[in-house]
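J.:
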Amino acid sequence: MIFYKKLKKVKAITFDLDDTLYNNYPIIVKANHALFAWLEKHYPETKNTDEYFWKTHQLNVLRSKPMLKHDMGQLRYSTMHSGFIHLGLLPEAAKEAAQHSFEYFYFQRSNFSLSKNIHSLLAALSVKLPLVAITNGNVNLEQIGIAPYFSKTLKASLTLPMKPNSAMFEASKQFLKLPESNILHVGDDLHKDVWGALKSGYQTAWYAENRTMALVNEHATTIPHVQLDKLEELLLLI
1038 MIFYKKLKKV
1048 KAITFDLDDT
1058 LYNNYPIIVK
1068 ANHALFAWLE
1078 KHYPETKNTD
1088 EYFWKTHQLN
1098 VLRSKPMLKH
1108 DMGQLRYSTM
1118 HSGFIHLGLL
1128 PEAAKEAAQH
1138 SFEYFYFQRS
1148 NFSLSKNIHS
1158 LLAALSVKLP
1168 LVAITNGNVN
1178 LEQIGIAPYF
1188 SKTLKASLTL
1198 PMKPNSAMFE
1208 ASKQFLKLPE
1218 SNILHVGDDL
1228 HKDVWGALKS
1238 GYQTAWYAEN
1248 RTMALVNEHA
1258 TTIPHVQLDK
1268 LEELLLLI
């Protein structure tokens, strides 16, 4: 553990999820592979499509509706709908296919388990102080088994833009009814998590599950209050 700034008393913790509690990249890759196989089986029209095809439609959707970048679920649904329309499905059929495809992906995206250590840590923390999940993604906390540890979950959306926007940090503070300086945000991204939390008045702990942590390797100039070697060190801060 490395301290960069003095910490005030921690009365609540907000958590990023993807790449903080688990390495998200292989999960998304696996979910996309499962989706493509499922599409080919259930919608023969997609047989000759590939990742580039769907990425192109995603970019087209973002050009017409830039704010969808803040809602990964709605963006994926709209991307699928655009692709199905391009493949010749009628509007109602395209809506149904897009919805079914999104639901299948969403299940696969959350089709994994966390380590016993993570469960033990969250359980121990949750009996000492309130925990709030703040995520730019859309993982299903119930499906992966961590929902009971959190007093509230906030996911980025059109009304709660993605971190580093202050919206979810402000909503967490309002829910917790605590001074922001007594809330510790834990996340892997020095820009989205650490800088976003700092400019909202939070204290910050930097931890990345998906890579070796070294400030010199990060494309950011923000410094957290504390850098963790392992998440279990949070128990020493409360």
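For the sequence shown, this note's numbering assigns the number 1038 to the initial residue and increments by one for each residue that follows. Each residue gets a CB set at the ideal place from its N, CA and C atoms; glycine is no exception.
#1: Can you tell me which of Y1239, Y1141, L1099, N1154 puts its alpha carbon nearest to the alpha carbon of L1112?
#2: Mapping the DSSP letters down to three states, classify D1230 as helix, strand or coil.
#3: With contact counted as at least three CB pairs below 8 Å, one residue from each stretch, are the segment 1131–1148 and the segment 1060–1076 in contact?
#4: Which value, in whole angstroms, describes the spacing of the CA atoms of S1101 and P1128?
#5: Quick one: what's F1040 bridged to in DSSP?
#6: Which runs of the beta strand (DSSP E) fall wholly inside the segment 1233–1258 and span at least 3 residues, in chain order?
#7: Could I get the ranges of all uninterrupted alpha helix (DSSP H) runs contained in the segment 1069–1096, with 4 residues as the minimum, in chain order?
#8: Just tell me which of K1046, I1181, A1130 has its CA closest to the CA of S1152.
#9: Can you give me the C-alpha to C-alpha distance between L1159 and T1093, rounded to a whole angstrom?
#10: Should R1146 be labelled buried (16 or more other beta-carbon atoms within 10 Å of its own) or exposed?
#11: Just to check my reading of the structure: H1262 and Y1041 have Cβ atoms closer than 8 Å, yes? What is that Cβ distance to the nearest angstrom?
#12: Determine the contact status of K1189 and F1206, defining contact as a CB-CB distance below 8 Å.
#13: If you drop the 5 nearest sequence neighbours on each side, which residues of the same chain put their C-beta closer than 8 Å to that of L1105?
#14: Between L1274 and V1047, how many whole angstroms is the CB-CB distance? I'm expecting something under 8 Å.
#15: According to DSSP, is V1098 part of a helix, a strand, or is it coil?
#16: Along the alpha helix (DSSP H) that carries A1131, what are the first and last residues, could you check?
#17: From the DSSP output, in three-state form, read off I1155 for me.
#18: Which of helix, strand or coil does DSSP assign to V1066?
#19: For I1183, count neighbouring C-beta atoms within 10 Å of its own C-beta (all shown protein chains included) and say buried if the count is 16 or more, exposed if not.
#20: Give me the residue from N1148, E1217, H1107, A1245 with the minimum Cα distance to L1054.
#21: Short of 8 Å in beta carbon distance, which residues of its chain neighbour A1130, apart from the five on each side in sequence? Order them along the chain.
#22: Give every residue of the same chain whose Cβ lies closer than 6 Å to the Cβ of N1202, excluding the five residues on either side of it in the sequence, and list them in chain order.
#23: F1187 and V1176 - do their beta-carbons sit closer together than 8 Å?
#24: Buried or exposed, going by whether 16 or more other CB atoms sit within 10 Å of the CB of L1096?
T.: Here's the rundown:
#1: L1099
#2: helix
#3: yes
#4: 18 Å
#5: V1263
#6: 1240–1243
#7: none
#8: I1181
#9: 39 Å
#10: buried
#11: 6 Å
#12: no
#13: V1098, L1099, Q1111, L1112, S1115, L1195
#14: 6 Å
#15: helix
#16: 1128–1146
#17: helix
#18: helix
#19: buried
#20: A1245
#21: F1121
#22: none
#23: no
#24: exposed
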